[in-house]
Amino acid sequence: MNKSVRVRFAPSPTGYPHVGNIRTALFNWLFARHSGGRFIVRIEDTDVARKVEGAVEAILDGLRWLGLDWDEGPEVGGNYGPYFQSQRLKLYRETVKRLVSQGDAYYCYCSLERLGEMRAEQVRRKQPPGYDRHCRNLSETERAHK
């Protein structure tokens, strides 16, 4: 088993770099370099509705301006690409299909309204928000009607 350090910086291009994500990138880069590990950049670009044009370039330019180089990721490649989440959707769909067929995962058919009401009630009760597994044991017939 390979125990070398691999750390990731995974910004979303829904805005430009800010102190919070630059701090995370810097800490991860320093940890990787101190440990003789690898610093990976992966762009979390699946939120298409909120994507800001030019944000990916600004993120990568910001890392370069700070002197933070990456071992794997956009522009440099690597063995575990692609490094844009949107280019990995086929892999994720195949994994979901396998997990569902094995019984290790299930689809949720709850409406956004139901989920919102459940969350509001949990917050009102000062409980941590979480899913109640409502759809976990639906029968084939019930799933077919959803």
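Sequential numbering from 1 applies to the sequence shown in full-length UniProt numbering. We put the beta carbon where it would ideally sit given N, CA and C, even for glycine. Bear in mind the structure is a predicted one, so any value in this text is a computation, not a measurement.
Flag this pair as yes or no: are the beta carbons of residue 167 and Q85 separated by less than 8 angstroms?
-> Because residue 167 is not part of the residues shown, which for the chain are 1 to 146, the question remains open.
Is it true that the CB of D47 sits closer than 8 angstroms to the CB of T14?
-> Yes, the Cβ-Cβ distance between T14 and D47 is below 8 angstroms.
In the DSSP assignment, find the unbroken beta strand (DSSP E) run with I40 in it and report its ends.
-> R38 to V41
Just to confirm, are V41 and F9 a CB contact at a threshold of 8 angstroms?
-> Yes, the pair counts as a contact, with Cβ atoms nearer than the cut-off.
Separation of E94 from V100, as counted between CA atoms | 10 angstroms
DSSP three-state assignment for R133, whether helix, strand or coil | coil
Short Cβ contact (8 angstroms threshold) for S4 with G37 = yes
Ranges of the beta strand (DSSP E) found wholly within the segment 12-96, counting only runs of at least 3 = 38-41
Return the CA-CA distance between E113 and R124, expressed in angstroms with no decimal places.
-> 16 angstroms
Measure the C-alpha to C-alpha separation of P129 and Q122 and round it to an integer number of angstroms.
-> 6 angstroms
Is L68 near A25, with beta carbons less than 8 angstroms apart?
-> Against a cut-off of 8 angstroms, the Cβ pair of A25 and L68 comes out as a contact.
Would you report the Cα separation of L91 and D45, rounded to the nearest angstrom?
-> Within the model, the alpha-carbon separation for L91 versus D45 is close to 15 angstroms.
CA-CA distance, Q102 and V96?
-> Rounded to whole angstroms, the gap between the alpha carbons of Q102 and V96 is 10 angstroms.
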